[in-house]
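Below is one structure; the comments refer to it alone.
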Amino acid sequence: MSDIEIEINGQPLKAKPNSMIIQVADEAGIYIPRFCYHKHLSIAANCRMCLVEVEKAPKALPACATPVMPGMKVFTQSPKALAAQKAVMEFLLINHPLDCPICDQGGECELQDLSMGFGSAESFYTFGKRSVEDEDLGPLISTEMTRCIQCTRCVRFGEEIAGMRELGATDRGEDMEIGTYIEKAMRSEVSGNIIDLCPVGALTSKPFRFTARAWELNQYPTIAAHDCMGSNVYAHTRNGKVMRMVPHENVTINQTWISDRDRFSYEGFYHADRLEKPMIQVEGQWQETDWETALERAVAGLRAIITTQGAEHIAALASPNSTLEEFYLLQKLLRELGSSNIDHRLRQTDFSDQHTMPLFPGLSGSIADIETADIILLIGSHIQKEQPIAGLRVRQATRQGAQVIAINMMDYDFNFPVSAKKIVAPHQFVETLSAIANEQSDPITSLLRNGKKVCVLVGIQASHHPEAAAIRGFAHQIATICKGTLGLLTEGANAAGAWIAGAIPHRAPAGKSLESPGLDAETIWKNPRKAYVLLNVEPELDCTNAPLAQNALEQAECVVALTIYKNPTLMQYAQVLLPVTPFTETAGTFVNVTGQWQRFNGVARPVGESRPAWKVLRVLGNLFHCDGFDYHTAHEIHDEIKILMDQAEPLKTSFVTPRVQKSNQTLSRIGEIPLYAGDNVQRRAKALQATQDIIQENAVGIRVHPEIANTLQVNETEIVTAVQGNHRVKLPLFIDERVPIGAAYVAGGILATTDLSELYGPIEIRKT
Numbered sequence: 126m127s128d129i130e131i132e133i134n135g136q137p138l139k140a141k142p143n144s145m146i147i148q149v150a151d152e153a154g155i156y157i158p159r160f161c162y163h164k165h166l167s168i169a170a171n172c173r174m175c176l177v178e179v180e181k182a183p184k185a186l187p188a189c190a191t192p193v194m195p196g197m198k199v200f201t202q203s204p205k206a207l208a209a210q211k212a213v214m215e216f217l218l219i220n221h222p223l224d225c226p227i228c229d230q231g232g233e234c235e236l237q238d239l240s241m242g243f244g245s246a247e248s249f250y251t252f253g254k255r256s257v258e259d260e261d262l263g264p265l266i267s268t269e270m271t272r273c274i275q276c277t278r279c280v281r282f283g284e285e286i287a288g289m290r291e292l293g294a295t296d297r298g299e300d301m302e303i304g305t306y307i308e309k310a311m312r313s314e315v316s317g318n319i320i321d322l323c324p325v326g327a328l329t330s331k332p333f334r335f336t337a338r339a340w341e342l343n344q345y346p347t348i349a350a351h352d353c354m355g356s357n358v359y360a361h362t363r364n365g366k367v368m369r370m371v372p373h374e375n376v377t378i379n380q381t382w383i384s385d386r387d388r389f390s391y392e393g394f395y396h397a398d399r400l401e402k403p404m405i406q407v408e409g410q411w412q413e414t415d416w417e418t419a420l421e422r423a424v425a426g427l428r429a430i431i432t433t434q435g436a437e438h439i440a441a442l443a444s445p446n447s448t449l450e451e452f453y454l455l456q457k458l459l460r461e462l463g464s465s466n467i468d469h470r471l472r473q474t475d476f477s478d479q480h481t482m483p484l485f486p487g488l489s490g491s492i493a494d495i496e497t498a499d500i501i502l503l504i505g506s507h508i509q510k511e512q513p514i515a516g517l518r519v520r521q522a523t524r525q526g527a528q529v530i531a532i533n534m535m536d537y538d539f540n541f542p543v544s545a546k547k548i549v550a551p552h553q554f555v556e557t558l559s560a561i562a563n564e565q566s567d568p569i570t571s572l573l574r575n576g577k578k579v580c581v582l583v584g585i586q587a588s589h590h591p592e593a594a595a596i597r598g599f600a601h602q603i604a605t606i607c608k609g610t611l612g613l614l615t616e617g618a619n620a621a622g623a624w625i626a627g628a629i630p631h632r633a634p635a636g637k638s639l640e641s642p643g644l645d646a647e648t649i650w651k652n653p654r655k656a657y658v659l660l661n662v663e664p665e666l667d668c669t670n671a672p673l674a675q676n677a678l679e680q681a682e683c684v685v686a687l688t689i690y691k692n693p694t695l696m697q698y699a700q701v702l703l704p705v706t707p708f709t710e711t712a713g714t715f716v717n718v719t720g721q722w723q724r725f726n727g728v729a730r731p732v733g734e735s736r737p738a739w740k741v742l743r744v745l746g747n748l749f750h751c752d753g754f755d756y757h758t759a760h761e762i763h764d765e766i767k768i769l770m771d772q773a774e775p776l777k778t779s780f781v782t783p784r785v786q787k788s789n790q791t792l793s794r795i796g797e798i799p800l801y802a803g804d805n806v807q808r809r810a811k812a813l814q815a816t817q818d819i820i821q822e823n824a825v826g827i828r829v830h831p832e833i834a835n836t837l838q839v840n841e842t843e844i845v846t847a848v849q850g851n852h853r854v855k856l857p858l859f860i861d862e863r864v865p866i867g868a869a870y871v872a873g874g875i876l877a878t879t880d881l882s883e884l885y886g887p888i889e890i891r892k893t
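Quick note: to get this note's numbering, add 125 to the position in the sequence shown (first position is 1).
Encoded structure:
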């Protein structure tokens with residue numbers, strides 16, 4: 126259909142059919158006041174603040190709900206339009222409390238701003254203002270419901286975007302209230318977005334409450350550092366300290382939304398565990414020291430291992446949340462010393478296909494492309510918890526008619542409808558995928574083959590599986606048969622950057638193959654080294670097999686930890702602790718799952734004497750007299766990697782031909798990492814650790830199917846023993862029909878289960 130010609134304030138414009146006046150005005154840069162309208166939400170037309178004059182219309186019309194018509198003439202600032210808008214503002218202010226001086230929204234309040242232009246200094250209302258009881262929505266969102274103007278943005282967000290209608294409206298007229306109806310905390314992993322959507326001070330950030338005023342804050346763009354999406358955010362700081370995080374719109378990545386962990390994890394930056402000065406161990410006692418002494422101690426310890434044992438006895442492990450520059454310098458230092466034993470894949474156990482992998486595991490298209498698929502196959506993925514922003518894209522696809530198929534090890538309650546699913550125990554997972562890939566008669570196979578645009582997404586749980594290579598192989602096979610796209614959703618903020626920078630044992634930077642590969646993360650622990658360099662790694666929580674990692678560290682003669690925090694477990698094994706900064710206090714680059722390089726600068730003052738990790742690695746390189754460590758800025762490192770990428774030859778990549786190996790297991794562990802246990806910063810964010818995902822989901826426990834509980838003859842909450850080899854823990858048992866027969870859900874990444882081994886290995890449950 127051809128465009129429609131209209132006029133707004135005498136300006137001729139072209140509009141798409143079925144567009145609303147407010148949409149056309151926004152595209153043309155013509156401002157129309159509004160409260161309830163939001164470009165990513167459905168149209169409610171219940172605030173009426175956007176009333177405008179339309180030629181030949183007997184009364185003012187809402188711009189958000191009036192479709193354009195050929196020849197339409199609209200006036201947004203005519204006397205008729207202004208009178209209507211001022212009348213609406215008078216009604217909105219009738220019951221609004223006069224508490225702007227103590228309201229957290231003061232200085233950035235839409236109602237406050239519009240009342241300056243459309244409000245009146247006089248009021249004819251003589252009755253008492255209404256008062257509404259506040260809702261307790263949990264530890265993240267604070268409420269002052271008397272301020273609510275019933276725009277319903279929060280309600281529509283929950284129903285349409287988050288997929289969990291946790292808020293709703295009760296009663297009508299002046300008795301209308303927004304709440305949860307039955308008092309409960311919000312559960313959505315993106316619930317904090319209603320803070321930004323609220324045009325008044327009814328919904329504000331509870332951790333941020335009463336800590337700063339909007340005009341006191343400086344705003345800096347940066348990149349979120351907790352998953353592979355690379356969400357764009359603004360850091361708001363005061364006196365060099367991060368006070369809050371809010372979304373920075375990026376249509377291709379996170380639109381206007383961010384996850385709660387990207388919003389609230391900043392609390393972890395200033396936890397009491399923060400390491401503020403270098404520390405060394407002297408005769409079994411830890412003591413603070415200066416940087417020169419600590420660095421010389423680290424160099425001497427590593428040099429002694431090289432001299433007596435050989436460079437192959439040095440290994441380095443890095444958090445997948447490290448920057449591109451940190452990964453690059455860490456691998457460069459290690460390889461200058463003569464070792465390629467470096468890895469960032471801390472929770473993986475199967476590396477058999479690493480030599481044929483692409484430059485980095487990721488998506489073949491854009492994040493926005495997920496929305497345009499008509500069939501989405503999730504393999505080993507709890508996508509809304511692992512990558513919440515990708516989960517929102519999947520939900521938007523289903524709202525446009527897409528069908529979702531889930532092949533998982535647990536029957537998750539997704540925030541979108543699932544058309545077909547197979548839930549099987551980990552040891553039956555590969556066999557199930559093989560059937561879908563090879564059996565023509567399988568209903569799921571038929572559904573996939575009939576798809577016009579199929580998107581196959583392999584999740585983090587699949588990458589942790591002991592047969593991860595076979596899973597990737599079958600996923601590729603399915604995507605090829607269906608002529609669809611394959612996406613590997615990775616762990617951490619910068620796994621793609623780690624592959625590109627060479628923080629893997631078998632490739633140098635830019636994907637260059639090595640003649641003599643080093644050891645992968647699993648082998649590094651199974652074959653203990655004499656020296657370890659750890660970059661923001663907490664071994665007991667970040668590694669797939671905590672006892673194995675701790676055993677290896679115990680045997681080491683030199684452990685140097687570049688860390689943000691003082692970790693009690695780490696302090697048992699390390700000899701040197703070097704305080705480094707989180708992403709907010711350093712410059713760097715994150716490469717997201719689509720291969721998009723996003724640079725950012727430090728936005729906050731380093732705590733204590735902590736230093737950016739790339740600077741620490743640069744100095745270590747200088748102390749070892751390595752060539753090529755004379756960097757002055759992180760941008761120089763970034764540019765050096767770019768040059769290597771430009772000079773690199775294309776990789777010959779493929780996926781392994783998967784094989785099905787019959788398993789004789791009867792019970793296997795599902796070692797999912799809970800939503801807010803993924804990295805060291807999240808684990809120290811007070812508000813996140815008080816959420817329902819941590820408290821009421823019983824992460825600390827063993828969850829089994831009712832049939833397994835009957836076989837074991839155990840009751841709900843009874844203490845049982847989980848056994849993996851020589852490792853065991855005692856935990857309460859919970860009966861959960863979402864867990865398949867043949868599996869036991871025992872979360873990883875938490876202190877209560879660190880005495881167990883593989884996240885997805887064999888497990889035995891015994892009555893205590």
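The beta-carbon is built from N, C-alpha and C at its ideal position, and this holds for glycine as well. Just so it is clear, the structure is predicted and the values come from calculations on it, not from any experiment.
Who are the Cβ neighbours of residue 255 in its own chain at under 8 Å, not counting the five residues just before and after it?
Indexing the sequence shown from 1 puts residue 255 at position 130. 220, 271 and 299, listed in sequence order.
Give the C-beta separation of residue 463 and residue 388 to the nearest angstrom, bearing in mind that I take them to be a contact with Cβ-Cβ under 8 Å.
In the sequence shown, residue 463 corresponds to position 338, counting from 1. In the sequence shown, residue 388 corresponds to position 263, counting from 1. Going by Cβ atoms, the distance from residue 463 to residue 388 rounds to 44 Å, so no, they are not a contact pair.
Please state whether DSSP places residue 612 in a helix, a strand or coil.
By one-based count along the sequence shown, residue 612 stands at place 487. The answer is strand: DSSP assigns residue 612 an E or B state.
Given 8 Å as the limit, is there contact between the stretch 794-814 and the stretch 391-404, that is, 3 or more CB pairs closer than that?
yes
Backbone secondary structure at residue 362 - three-state DSSP
By 1-based counting over the sequence shown, the position of residue 362 is 237. Correct three-state label for residue 362: strand.
Which residue spans inside the stretch 237-309 form an unbroken beta strand (DSSP E) run of at least 3?
266-268, 293-295 and 302-304
Alpha carbon to alpha carbon, how far is residue 165 from residue 821? Give it in angstroms, no decimals.
Along the sequence shown, one-based indexing puts residue 821 at 696. Along the sequence shown, one-based indexing puts residue 165 at 40. For residue 821, the predicted structure reports a pLDDT of 48, less than 50, and the residue's modelled location is therefore unreliable. The matter cannot be settled from this model.
Go ahead and pull the three-state DSSP assignment for residue 807.
Residue numbering aside, residue 807 sits at position 682 when the sequence shown is read from its first letter. Residue 807 falls in the helix class under three-state DSSP.
Hey, could you find the ends of the beta strand (DSSP E) residue 698 is sitting in?
Within the sequence shown, residue 698 is the residue found at index 573, counting from 1. From DSSP, residue 698 is part of no beta strand (DSSP E) but of the alpha helix (DSSP H) over 695-698.
For the ligand MG, any of its heavy atoms closer than 6 Å to the Cβ of residue 224?
Annotation note on the ligand MG: not contained in the displayed structure, which lists no ligands.
Between residue 284 and the rest of its own chain, which residues show a CB-CB distance below 7 Å, the 5 nearest in sequence each way excluded?
Along the sequence shown, read from residue 1 onward, the residue named residue 284 stands at position 159. Here the set comprises 290.
By DSSP, does residue 770 sit in helix, in strand, or in coil?
Residue numbering aside, residue 770 sits at position 645 when the sequence shown is read from its first letter. In this structure, residue 770 counts as helix in the three-state DSSP scheme.
By the 10 Å Cβ neighbour count, where 16 or more other Cβ atoms means buried, how is residue 884 classified, buried or exposed?
Counting from 1 along the sequence shown, the entry for residue 884 is found at position 759. Classification of residue 884: buried, given that the 10 Å Cβ count is 16 or more.
Where do the N-terminal and C-terminal ends of the beta strand (DSSP E) with residue 894 fall, by residue?
The requested residue 894 does not occur in the structure, where the chain is confined to residues 126 to 893.
Residue 746: first and last residue of the uninterrupted alpha helix (DSSP H) it sits in
For the purposes of this step, residue 746 is identified with residue 621 of the sequence shown, where counting begins at 1. Run containing residue 746: 738-748, per the alpha helix (DSSP H) assignment.
Cutting at 7 Å between CB atoms, please list the residues of its own chain near residue 474, excluding the five before and the five after it.
Residue 474 sits at position 349 when you count from the first residue of the sequence shown. So the qualifying residues of the chain are 591, 647, 669 and 883.
Skipping 5 residues on each side, what residues in its chain have a beta carbon closer than 8 Å to that of residue 86?
This structure cannot speak to residue 86, because the chain is shown only from 126 to 893.
For residue 750, count the other beta carbons within 10 Å of its own beta carbon; 16 or more makes it buried, fewer makes it exposed. Which is it?
As a position in the sequence shown, residue 750 is number 625, starting the count at 1. Exposed, since its Cβ has fewer than 16 Cβ neighbours within 10 Å.
At 4 residues or longer, and completely inside the stretch 379-448: list those alpha helix (DSSP H) runs for me, N to C.
385-389 and 416-433
Does the stretch 181-200 come close enough to the stretch 134-151 to have 3 or more Cβ pairs within less than 8 Å?
yes
Would you please verify whether the beta carbon of residue 279 is less than 7 Å from any beta carbon of chain B?
In the structure shown, chain B cannot be found, because there is only a single protein chain.
Three or more C-beta pairs below 8 Å linking the stretch 340-351 and the stretch 409-425:
no
Please report the residue range of the beta strand (DSSP E) in which residue 344 lies.
Here residue 344 corresponds to residue number 219 of the sequence shown, with the count starting at 1. 343-348 is the extent of the beta strand (DSSP E) around residue 344.
In angstroms with no decimal places, state the Cα-to-Cα distance between residue 851 and residue 842.
Counted from its first residue, the sequence shown places residue 851 at position 726. Counted from its first residue, the sequence shown places residue 842 at position 717. Cα-Cα distance, rounded: 24 Å.
Which residue from 231, 243 and 192 puts its Cα closest to that of residue 206?
To locate residue 206, count along the sequence shown from 1; it is residue 81. Answer by Cα proximity: 243.
Which parts of the stretch 584-611 are runs of the alpha helix (DSSP H), unbroken and 4 residues or longer, counting only runs that do not cross its ends?
585-589 and 593-606
Which value, in whole angstroms, describes the spacing of the CA atoms of residue 538 and residue 551?
Residue numbering aside, residue 538 sits at position 413 when the sequence shown is read from its first letter. Residue numbering aside, residue 551 sits at position 426 when the sequence shown is read from its first letter. Distance between the alpha carbons of residue 538 and residue 551: 19 Å.
Starting from residue 511, trace the alpha helix (DSSP H) both ways and give me its first and last residue.
As a working mapping, residue 511 is identified with position 386 in the sequence shown. Taken as a continuous stretch (DSSP letters only), the alpha helix (DSSP H) holding residue 511 covers 508-511.
For the alpha helix (DSSP H) that contains residue 100, what are its first and last residues?
Not covered by the structure: residue 100. The range shown for the chain is 126 to 893.
Do you know how far the Cα of residue 180 is from the Cα of residue 131?
Against the sequence shown, residue 131 aligns to sequence position 6. Against the sequence shown, residue 180 aligns to sequence position 55. Their Cα atoms are separated by approximately 11 Å.
For the pair the stretch 517-524 and the stretch 552-564, tell me if three or more CB-CB distances fall below 8 Å.
no
Using CA atoms only, rank isn't needed, just tell me which of 575, 758 and 679 is closest to residue 714.
Counting from one through the sequence shown, the residue named residue 714 turns up at place 589. The option with the nearest alpha carbon to residue 714 is 758.
Rank 386, 229 and 483 by C-alpha distance to the C-alpha of residue 774 and give the top, closest one.
Here residue 774 is taken as the residue at index 649 of the sequence shown, counted from 1. That would be 483, whose Cα lies nearest to the Cα of residue 774.
Have a look at residue 427 and residue 434 and give me their C-alpha separation to the nearest angstrom.
For the purposes of this step, residue 427 is identified with residue 302 of the sequence shown, where counting begins at 1. For the purposes of this step, residue 434 is identified with residue 309 of the sequence shown, where counting begins at 1. In a straight line, the C-alpha of residue 427 is about 10 Å away from that of residue 434.
CB-CB under 7 Å to residue 790, same chain, minus the five flanking residues each way: which ones, in chain order?
For the purposes of this step, residue 790 is identified with residue 665 of the sequence shown, where counting begins at 1. Same-chain partners within the cutoff: 552 and 887.
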